[in-house]
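J.:
2 protein chains.
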Amino acid sequence: MPTSKDVAQAAGVAQSTVSYVLSGKRPISEKTRKKVEDAIEQLTYQPNAGARALAGRRTHVIGLVIPFIPELEMGSIMEFVSVIASTARQYDHDILLVTEDEGAAGLRRVVGQQICDGLILMQVEDEDERLPIARSLNVPVLLIGIPRDPSGLVCIDADFEMAGDQCVRDLAAAGHDVISIIDWQPAVVNRHVNYVERFMGGADAAAQSLGVSVQHFPGGADVSIITDSVDKALAATHGKPAFIAPDRTVQDILRRALTARGLTPGADVSVIGSASPTLAELQPIPLSTIDLRPAEVSRRAVKIICNLLEAENQGPHESLELVPTVITHRASTLRPPHGS
Amino acid sequence: MPTSKDVAQAAGVAQSTVSYVLSGKRPISEKTRKKVEDAIEQLTYQPNAGARALAGRRTHVIGLVIPFIPELEMGSIMEFVSVIASTARQYDHDILLVTEDEGAAGLRRVVGQQICDGLILMQVEDEDERLPIARSLNVPVLLIGIPRDPSGLVCIDADFEMAGDQCVRDLAAAGHDVISIIDWQPAVVNRHVNYVERFMGGADAAAQSLGVSVQHFPGGADVSIITDSVDKALAATHGKPAFIAPDRTVQDILRRALTARGLTPGADVSVIGSASPTLAELQPIPLSTIDLRPAEVSRRAVKIICNLLEAENQGPHESLELVPTVITHRASTLRPPHGS
DNA sequence: ACGCATCGTCGATACGCATCGATGAATCGA
DNA sequence: TCGATTCATCGATGCGTATCGACGATGCGT
Chain A
37 MPTSKDVAQA AGVAQSTVSY VLSGKRPISE KTRKKVEDAI EQLTYQPNAG
87 ARALAGRRTH VIGLVIPFIP ELEMGSIMEF VSVIASTARQ YDHDILLVTE
137 DEGAAGLRRV VGQQICDGLI LMQVEDEDER LPIARSLNVP VLLIGIPRDP
187 SGLVCIDADF EMAGDQCVRD LAAAGHDVIS IIDWQPAVVN RHVNYVERFM
237 GGADAAAQSL GVSVQHFPGG ADVSIITDSV DKALAATHGK PAFIAPDRTV
287 QDILRRALTA RGLTPGADVS VIGSASPTLA ELQPIPLSTI DLRPAEVSRR
337 AVKIICNLLE AENQGPHESL ELVPTVITHR ASTLRPPHGS
Chain B
37 MPTSKDVAQA AGVAQSTVSY VLSGKRPISE KTRKKVEDAI EQLTYQPNAG
87 ARALAGRRTH VIGLVIPFIP ELEMGSIMEF VSVIASTARQ YDHDILLVTE
137 DEGAAGLRRV VGQQICDGLI LMQVEDEDER LPIARSLNVP VLLIGIPRDP
187 SGLVCIDADF EMAGDQCVRD LAAAGHDVIS IIDWQPAVVN RHVNYVERFM
237 GGADAAAQSL GVSVQHFPGG ADVSIITDSV DKALAATHGK PAFIAPDRTV
287 QDILRRALTA RGLTPGADVS VIGSASPTLA ELQPIPLSTI DLRPAEVSRR
337 AVKIICNLLE AENQGPHESL ELVPTVITHR ASTLRPPHGS
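Line by line, the protein sequences give chains A and B.
Using the working numbering, read the first sequence as starting at 37 and increasing by one per residue.
Using the working numbering, read the second sequence as starting at 37 and increasing by one per residue.
1. Along the segment 54 to 86 of chain B, where does the CB come closer than 9 Å to a CB of chain A? Name the residues.
2. Tell me, to the nearest whole angstrom, how far the beta carbon of A/VAL146 is from that of A/CYS152; I am working on the premise that it is less than 8 Å.
3. In three-state terms, what does DSSP make of A/GLN251?
4. Alpha carbon to alpha carbon, how far is A/HIS212 from A/PRO372? Give it in angstroms, no decimals.
5. Please classify A/GLY375 as buried or exposed, where buried requires at least 16 neighbouring CB atoms within 10 angstroms.
6. Output the distance between the C-alpha atoms of B/GLY302 and A/GLY256, rounded to the nearest integer angstrom.
7. Check each candidate in B/LEU356, B/THR364, B/LEU370 and B/THR361 and name the one with the smallest Cα separation from B/PRO183.
8. List the DSSP bridge partners of A/ILE180.
9. Would you give the residue range spanned by the beta strand (DSSP E) that A/THR135 belongs to?
10. Out of A/LEU79, A/PRO168, A/PRO63 and A/GLY60, state which residue places its alpha-carbon closest to the alpha-carbon of A/LYS41.
11. If you follow the alpha helix (DSSP H) that A/ILE76 is part of, which residue opens it and which one closes it?
12. In terms of alpha-carbon separation, which member of A/PRO83, A/VAL362 and A/GLU109 lies closest to A/TYR56?
13. Use the C-beta contact count for A/LYS70: other C-beta atoms within 10 angstroms, 16 or more gives buried, fewer gives exposed.
14. Report the residue ranges of all beta strand (DSSP E) runs contained in full by the segment 214 to 297 of chain A; include only those spanning at least 3 residues, in chain order.
15. Ignore the nearest five residues each way along the sequence and tell me which others in A/PRO186's own chain have a CB closer than 7 Å to its CB.
16. Using alpha carbons as the reference points, say which of A/VAL259, A/ILE215 and A/GLY298 lies closest to A/ALA269.
17. Is it buried or exposed for B/ALA271, if we count other Cβ within 10 angstroms and need 16 for buried?
18. Flag B/GLN319 as yes if its beta-carbon sits less than 7 Å from any beta-carbon of chain A, otherwise no.
19. Here's a check: name, in chain order, each residue in its chain whose Cβ is nearer than 6 Å to the Cβ of A/ALA242, leaving out the five neighbours to either side.
20. With a threshold of 7 Å between beta-carbons, can B/MET110 be considered close to chain A, or not?
21. Enumerate in chain order the residues of its own chain whose CB-to-CB distance from A/GLU115 is below 7 Å, with the five nearest sequence positions on each side excluded.
22. Can you find a CB in chain B that lies within less than 7 Å of the CB of A/GLY375?
23. Rounded to a whole number of angstroms, what is the C-alpha to C-alpha distance between B/ILE341 and A/HIS129?
24. Verify whether the separation of the beta carbon atoms of B/LEU290 and A/GLY86 is less than 7 Å.
25. Quick one: what's got a C-beta closer than 6 Å to A/THR123's C-beta in the same chain, skipping five residues either side?
26. What residue ranges within the segment 133 to 160 of chain B form continuous alpha helix (DSSP H) runs of no fewer than 4 residues, ordered along the chain?
27. Contact criterion: CB-CB distance below 7 Å. Does B/ALA46 meet it with respect to chain A?
28. Just reading off the alpha helix (DSSP H) that A/GLU357 is part of, what are its end residues?
29. Can you tell me where the beta strand (DSSP E) holding B/ASP327 begins and where it ends?
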């Protein structure tokens, strides 16, 4: 492996000059720059990351703390991971994986050993045990998710309140006056991620201001539970029932339960779920969705932490960014009555 | 951040002694060791990774090249990623993500900059453009998947041939003499990962040796295609049809298609799919599965590359490890006739 | 023509650790 | 009791880069 000294020698300059050509932190004449760049190319020189980190006190690596994975959500987590990794590259950074099973100690380790310049925490819970550590670490930390007490922390998340609001408004506009929301699966709810409450809060507020009623039902992987909700929803309304099911697994079950009752989404009943456009279109009946925009959340997360890294000024930052959600009509919801 | 020099001072020894206590590469008296360890604890000293990499020529980081993600397979990829990351920790290594969108250059970068000691490539294709680079890099590379020409490479994968064999034998034993295999989705097949062929090869060979016949049908996300296959399978056999559908998405479609024809898995028809035990049990009718054991493949992958890292002897290694698959009976397959 | 600022480059040093050779202390045999 | 070993530790050096101060060369104004 060639070093910057080799490059310097080949170009007939000092090693420090090579360094300045690369960093641009001091003016270099066009002629010298050319010589150095040629030498770099010919030797296929690449700066040694360890030495760079040691001398420059910056590793250009961001630690990504991935959650322990309830099997059913692995797909959505992977989308975050993937987008975060490629976005990080655009900011000239790499992503190091920190698994949840290392627990809070993992955070201390990667920061203490200075493997990372900063951290991104996924799936932040309401009262997350990692928060005190996050606050005490001397590096920027970005949370995806919003804890109960976000003071002194930098957070980003989808705007679940907006999502709940959008869903209810949409169904109300389609003529539904009783709307049933089926909760996330117990496995998710029990994790105390508060986006569940935020979503419900947004939905309830919208319902109140519009004068429609919202019913809440437990989620679950069991068809009978969902079928029950369907029956209750049917009994509670004169018109056609409407369902909101933000959890992907619950969506699948709901679809099955509706079929079992002979109900067709878009004709006898409205259903709004949460899925990427691609997945939504693949359904037998294309699903109207509330898009929580994981890719956009990921991109912004990386952007925010990279800004913090450049800012470099100490002192705990604090901010909260909510990414607007997008509702999309497809075949699974009734169309609004004409003229209204 | 305290350094090993600080520790040395606190313990009243030389810095090199601290280093030897940590690495164990020279004998240290019990008394000195104790002093040093106490100092480490009190200062909460953690060795600087950059300096360690620079001096020790070993980063303790493994690059994991994750594939570009057809949305539908994200879940399974995440399982690999997650298990690889936590297994790596057991071998005292960390995982750095390298995204496919950086292409082959990404491999050269992380190795050239010496960010990584070795690489794991996922989803290796038949004629993978990364192979020449993998061979030319001066670090251990472990492939998950088997290219057409694995010479000079170290590979691991599930034993898809065994999987195909097991499925066919199992269905034959249950009394089926015509077995229909539905291919992976076109998106997967077109990627030229050859596990598809290996699976089919194993199935065909088993069929031949058992005197049953195997029909192949194209996979797809379209219900009508699958329904077609169901009809053809029904026409081609006196008894009850049998299906093998290793692709998860295809499985879902198949289930729907069977329902549409009024067929019940386990009663009128046998179905073997591929899913983790958890997911299989969650189905309305628990699915008999061929388990491709992604977690085991991941664990062994990490183990192999860590061994290579320790071996350190140059010269291209070459090996091929196949992880046995496991077939599990659940409710979706017919039971073998008594006494046979 | 001369002092002065500016520009471009060099040399030296620090970053924190691993490792090698050397040194002093302790142990052993005869 | 003395030299030969072995054991435990120290000091010095190198890993490859970033950065700071210094220095010669150039251009400016007067």
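Every residue, glycine too, gets a C-beta built ideally from N, C-alpha and C.
Note that the structure is a prediction, hence the values are computed from the model and not measured.
T.: On the basis of the coordinates in this document:
1. Result list: THR80, TYR81, GLN82, PRO83, ASN84, ALA85 and GLY86.
2. Yes, they are in contact, since the Cβ atoms of A/VAL146 and A/CYS152 sit about 5 Å apart, within 8 Å.
3. strand
4. 9 Å
5. Because the pLDDT of A/GLY375 is 48, which lies under 50, any placement of that residue in the model is unreliable, and the number read from its coordinates should be weighed accordingly. Looking at its Cβ environment, which holds fewer than 16 other Cβ atoms inside 10 Å, A/GLY375 is exposed.
6. Rounded to the nearest angstrom, the two C-alpha atoms are 25 Å apart.
7. Measuring from the Cα of B/PRO183, the nearest candidate turns out to be B/LEU356.
8. A/ILE192
9. 130 to 135
10. A/LEU79
11. It spans 66 to 79 - the alpha helix (DSSP H) in which A/ILE76 sits, taken as one unbroken run.
12. Minimum Cα distance to A/TYR56 is reached at A/PRO83.
13. exposed
14. 214 to 218, 249 to 253 and 278 to 281
15. LEU356
16. A/ILE215
17. exposed
18. no
19. The beta carbon of A/ALA242 sits closer than 6 Å to the beta carbons of ASP201, VAL204 and ARG205 from its chain, once the five residues preceding and following it are set aside; these are given in chain order.
20. At a cut-off of 7 Å between beta-carbon atoms, B/MET110 makes contact with chain A.
21. PRO330 and ALA331
22. Interpretation of A/GLY375 is limited by its pLDDT of 48, a score under 50 that renders its predicted location unreliable; the figure taken from the coordinates is listed afterwards. Chain B, which has no Cβ nearer than 7 Å to the Cβ of A/GLY375, makes this no.
23. 25 Å
24. no
25. ARG335 and VAL338
26. Fully enclosed alpha helix (DSSP H) runs of 4 or longer: 139 to 148.
27. No, its Cβ sits nowhere closer than 7 Å to a Cβ of chain A.
28. It is not in any alpha helix (DSSP H) - A/GLU357 instead sits in the beta strand (DSSP E) that spans 355 to 359.
29. 324 to 327
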